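Residue numbers (my numbering): 1486 to 1635.
Structure first, commentary second.
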């Protein structure tokens, strides 16, 4: 197993961050041009919800494996549409409060299997082209929300 890991600090309370990302069915905050739906009728915080993300070049399906409002985290697994040659991909997105300054520590990580020749390249792609980009989009969205609602 290989782990791709990214973390950052937001100048926003953990509750604000979590309220934006907590629904597995709402992927708009990631800034990915896509249509996202829960295809099996479950709620976006219900374990077993299957998220279908339709993008211009592919459709991804992911299943919610764990969800905790208390821990401000969820984990999901790819069912199909993996953008790279990786298998057994399970990711976790977690928001932890930083009391000093009322900030948030956000971490996104994924464990996956890949061939020895591919694993470093795939890990780096998830971190730099995935997690980092999506969390920058989330940061911008939260900043816009703060501006809108003051």
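All C-beta atoms in this analysis are idealised placements derived from N, C-alpha and C, irrespective of residue type, glycine included.
Since the model is a prediction, treat every value here as computed from it, not as a measurement.
Item to check | Buried or exposed (CB count within 10 angstroms, at least 16 for buried), residue 1502 | outcome: buried
Checklist entry - Which residue comes first and which comes last in the alpha helix (DSSP H) that contains residue 1575? => result First-last for residue 1575: 1572-1583, but that is the beta strand (DSSP E), not the alpha helix (DSSP H).
Next on the checklist: Runs of 4 residues minimum, wholly inside the stretch 1496-1536: which ones carry the alpha helix (DSSP H) assignment?
Outcome noted: 1499-1506
Next on the checklist: Could you give the first and the last residue of the continuous alpha helix (DSSP H) run that contains residue 1605?
Outcome noted: 1604-1610
Checklist entry - Out of 1620, 1500, 1627, 1529, which has the shortest C-alpha to C-alpha gap to residue 1490? => result 1620
Next on the checklist: My parser needs the beta strand (DSSP E) runs of 3 or more residues fully inside the stretch 1544-1574; what are they?
Outcome noted: The qualifying runs are 1544-1553, 1558-1565.
Next on the checklist: Any heavy atom of the ligand GDP inside 7 Å of the beta-carbon of residue 1609?
Outcome noted: With respect to the ligand GDP, the structure shown offers nothing to examine, as it has no ligands at all.
Next on the checklist: I need the DSSP call for residue 1621, collapsed to helix, strand or coil.
Outcome noted: helix
Checklist entry - For residue 1547, does the count of other Cβ atoms within 10 angstroms reach 16, so buried, or fall short, so exposed? => result buried
Checklist entry - How long is the line joining the alpha carbons of residue 1526 and residue 1512, rounded to whole angstroms? => result Spanning the alpha carbons of residue 1526 and residue 1512 requires a straight line of approximately 16 Å.
Checklist entry - Taking buried to mean at least 16 other C-beta atoms within 10 Å of its own C-beta, is residue 1608 buried or exposed? => result With 16 or more Cβ atoms within 10 Å of its Cβ, residue 1608 is classed as buried.
Checklist entry - In angstroms, rounded to a whole number, what distance separates the CA positions of residue 1575 and residue 1613? => result Our two residues, residue 1575 and residue 1613, have alpha carbons roughly 18 Å apart in a direct line.
Next on the checklist: Suppose the cutoff is 6 Å on Cβ atoms and the five residues either side in sequence are ignored; what does the same chain contact list for residue 1476 look like?
Outcome noted: Here the chain has residues from 1486 to 1635 only, and residue 1476 is not among them.
Checklist entry - Who does residue 1488 pair with in a DSSP beta bridge? => result Checking the DSSP bridge columns, you'll see residue 1488 partnered with 1596.
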